Amino acid sequence: MIKRLHATAALLAGLALVGCGEPHTAKAFDAGPKGYVAFYIPADDPAYSELHVGAQVYRVEGGQRVFAGSTQKWKHMSPARHGLTVAVAPGEHAFSIEIAGGKAPVTLKVEKDFYYPVRIGATNIIRSQMVGMSERFQFDIQATPETPIPPGGKRP
Numbered sequence: 073m074i075k076r077l078h079a080t081a082a083l084l085a086g087l088a089l090v091g092c093g094e095p096h097t098a099k100a101f102d103a104g105p106k107g108y109v110a111f112y113i114p115a116d117d118p119a120y121s122e123l124h125v126g127a128q129v130y131r132v133e134g135g136q137r138v139f140a141g142s143t144q145k146w147k148h149m150s151p152a153r154h155g156l157t158v159a160v161a162p163g164e165h166a167f168s169i170e171i172a173g174g175k176a177p178v179t180l181k182v183e184k185d186f187y188y189p190v191r192i193g194a195t196n197i198i199r200s201q202m203v204g205m206s207e208r209f210q211f212d213i214q215a216t217p218e219t220p221i222p223p224g225g226k227r228p
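Following the working numbering, the numbering of the sequence shown begins with 73 at its first residue and continues without gaps.
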């Protein structure tokens, strides 16, 4: 699902400062078998190459958003990209991918030891000049689950 979003360049730049204030503590969902969901923004996507923004990823549990993390630069990957890998228990999981206040939902059925890539992107970018030196951007967020990778399979 794609949602229309409006943001200023200043707001987009401010996203880099968003973080998690509390240290991670072990919870019940941390124990047991895991599957892995890898959210990523490719280097050739406008969100990475033009807008220079990452995404915040939330798990949706009981209708509540729980912060899972923010995409970070993965310089060691070829090609370079922004990414975040989240370990979750097998089962159905809902996520909300957010950039500058816009959201794109993703629901996945996760199996043990499988790797689930989810491509995040910005589409339909419209730029407009605002008062002074500010630019205003409008764009759509798209989150696309890709083919799961089985245990021992080659990851991108």
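Glycine included, C-beta positions come from ideal geometry on N, C-alpha and C. The structure displayed is predicted, hence computed values, not measured ones.
Pull up the CB-CB distance for Ile221 and Lys175, whole angstroms please, since I reckon it's below 8 Å.
Contact doesn't hold; Cβ gap of about 26 Å is too wide.
Rounded straight-line distance, which links the Cα of Ile197 to that of Phe101:
With a pLDDT of 49 at Phe101, under the threshold of 50, the modelled position of this residue cannot be trusted; read the value that follows with caution. Rounded to the nearest angstrom, the two C-alpha atoms are 38 Å apart.
Three-state secondary structure (DSSP) of Pro114:
Of the three classes helix, strand and coil, the one that applies to Pro114 here is strand, per DSSP.
Tell me the DSSP bridge mates of Lys175?
Secondary-structure assignment with DSSP links Lys175 through a beta bridge to Glu170.
Starting from Phe186, trace the beta strand (DSSP E) both ways and give me its first and last residue.
Run containing Phe186: none; DSSP gives neither H nor E here.
Range covered by the beta strand (DSSP E) that runs through Ile213:
Unbroken beta strand (DSSP E) run through Ile213: Glu207 to Pro217.
Excluding the 5 residues flanking Ala159 on each side, which residues of the same chain have their C-beta closer than 7 Å to its C-beta?
Lys106 and Tyr108
Given a cut-off of 8 Å on the beta-carbon distance, is the pair Arg137 and Tyr187 in contact?
No, they are not a contact pair.
Sequence-distant residues of its chain with Cβ nearer than 8 Å to Ala140 (five each side left out)
Val129, Tyr130, Arg131, Leu156, Val158 and Phe167
From Lys145 to Ala194, what does the alpha carbon distance come to, in whole angstroms?
17 Å
Find out if the Cβ-Cβ distance for the pair Gly163, Val182 is shorter than 8 Å.
yes
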